[in-house]
Amino acid sequence: MSVQQLVSVAGGRASRRDDDQLEVIHAGDGVQDRIAKKVKWTESADLIVTPFDSVRVTSNASAFESGAVLLSGEFAQPGIYPVRRVKSSPSLSNGQGVTSQAFPYGAVFTRASVRIAQREGLQRALKELNTGLLSIAARKDISADAIIAAQELSQSIAGTEPPGRVVVEADPRVLAMRPDLDTVLEPGDTIFMPKRPNFVLTLGDVLNPTALQFSPRKSAKDYLDESGGVQSTADDKRTFIVYPNGIAEPVKRRSGARAGRFCRQAAPSSCRRISIRSTN
Numbered sequence: 000m001s002v003q004q005l006v007s008v009a010g011g012r013a014s015r016r017d018d019d020q021l022e023v024i025h026a027g028d029g030v031q032d033r034i035a036k037k038v039k040w041t042e043s044a045d046l047i048v049t050p051f052d053s054v055r056v057t058s059n060a061s062a063f064e065s066g067a068v069l070l071s072g073e074f075a076q077p078g079i080y081p082v083r084r085v086k087s088s089p090s091l092s093n094g095q096g097v098t099s100q101a102f103p104y105g106a107v108f109t110r111a112s113v114r115i116a117q118r119e120g121l122q123r124a125l126k127e128l129n130t131g132l133l134s135i136a137a138r139k140d141i142s143a144d145a146i147i148a149a150q151e152l153s154q155s156i157a158g159t160e161p162p163g164r165v166v167v168e169a170d171p172r173v174l175a176m177r178p179d180l181d182t183v184l185e186p187g188d189t190i191f192m193p194k195r196p197n198f199v200l201t202l203g204d205v206l207n208p209t210a211l212q213f214s215p216r217k218s219a220k221d222y223l224d225e226s227g228g229v230q231s232t233a234d235d236k237r238t239f240i241v242y243p244n245g246i247a248e249p250v251k252r253r254s255g256a257r258a259g260r261f262c263r264q265a266a267p268s269s270c271r272r273i274s275i276r277s278t279n
């Protein structure tokens, strides 16, 4: 049996590099007769091992980090892959590329460190909001409805779990032409590749929040009109679109802006603005 055959029986190498170093120790007739030999992977196909020999495959420690990335969705081979100190495109290749139904523009890339930073930002906002609520509770010019609305907002923030999403370029074809857009991976990163959708969501203060069939000829106003229009409580001057890659953009109803497939178009509620800054 050759060294390569023995490694294959053991499950193969974690790395697929041709310059991987192997240490082969031949047992010999006794302890003092053991002979250690270092070879490259490409040189190990013709090297035969005998009983009681040992083989150790060494890896380039600087090329790996402890942890893994998760590829899910429309990858040809989704799964968990070890993290290398490289950018995201090799990991997309590890997943053997994407399927014909994949929608790279809507890929969701999440990172644990970003989720932590977002959670800390929400906690700061929640602390400021609660401090402001205490300062305005005794004011006579603030209605009970406004205080209740602020309390509901506080509860909503407290129950929000940040996604940790990072807006990245995840199309292997684009990354091949624009390597400067690639992202260096970290342990715990996840990449979800969705299927190509064919609808646009309308949310918020519209009469009939729904999913509407995508058409490249329709404008943002067309989708709002097909949802029944906005309610009387809507602030239509603050209508915005969330694109599949996570970028949000404000929309003016007369601008003729167009929503792409799988966009989310929201019409926020109009509410009385109150100051929650505490005074010394």
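Position 74, counted from 1, in the sequence shown is what numbering that gives the first Met the number 0 calls 73; the numbers after and before it change by one each time, with no gaps. C-beta: ideal position from N, C-alpha, C; glycine also.
> Taking one C-beta from the stretch 63–79 and one from the stretch 181–191 each time, how about it: are there three or more such pairs within less than 8 angstroms?
Replying inline: Counting Cβ pairs under 8 angstroms, three or more are found: they touch.
> Looking at C-alpha atoms only, which residue of V54, H25 and V38 is the closest neighbour of V8?
Replying inline: Of V54, H25 and V38, the residue nearest in Cα terms is V54.
>> Distance check for Q117 and V229, CA to CA, integer angstroms please.
In response: Taking the straight line joining both Cα atoms gives about 31 angstroms.
> Straight-line CA distance for V205 to A75?
Replying inline: Using only the alpha carbons, I get a separation of about 39 angstroms.
>> Between P161, G120, V2 and S153, which has its C-alpha nearest L133's C-alpha?
In response: Nearest to L133 by C-alpha distance, out of P161, G120, V2 and S153, is S153.
>> Do P186 and R114 count as a contact pair if the criterion is CB distance below 8 angstroms?
In response: Cβ distance not < 8 angstroms, so R114 and P186 don't count as in contact.
> Taking the C-alpha atoms as reference points, what is the distance between L128 and G120?
Replying inline: About 12 angstroms.
> With a cut-off of 8 angstroms, do at least 3 Cβ pairs link the stretch 211–231 to the stretch 241–249?
Replying inline: These segments do not touch.
> With distances taken from CA atoms, which of D52, P77, A136 and S1 is nearest T41?
Replying inline: Relative to the Cα of T41, the nearest Cα in the group D52, P77, A136 and S1 belongs to S1.
>> With three or more beta-carbon pairs closer than 8 angstroms as the criterion, would you say the stretch 164–175 touches the stretch 102–111?
In response: A contact exists between the stretch 164–175 and the stretch 102–111.
> DSSP state of L69, grouped into three classes?
Replying inline: L69: strand per DSSP, three-state reduction.
>> Rounding to the nearest angstrom, what Cα-Cα distance links Q20 and P81 in this structure?
In response: Near 19 angstroms, if we compare the C-alpha coordinates of P81 and Q20.
> Under the three-state reduction of DSSP, which class applies to P162: helix, strand or coil?
Replying inline: Three-state result, P162: coil.
> Applying the criterion that 16 or more other CB atoms from any shown protein chain within 10 Å of the CB defines a buried residue, is F108 buried or exposed?
Replying inline: By the 10 Å Cβ count, F108 comes out buried.
> Hey, which unbroken runs of the alpha helix (DSSP H) at 4 residues or more fall wholly within the stretch 95–173?
Replying inline: Annotation note: the stretch 95–173 contains the following uninterrupted alpha helix (DSSP H) runs of length 4 or greater, listed N- to C-terminal: 111–135 and 143–157.
>> Classify S99: buried if its beta carbon has 16 or more other beta carbons within 10 angstroms, exposed otherwise.
In response: Exposed is the call here.
>> Would V23 and D52 be called neighbours here (beta carbons separated by less than 8 angstroms)?
In response: Going by C-beta atoms, V23 is nearer than 8 angstroms to D52.
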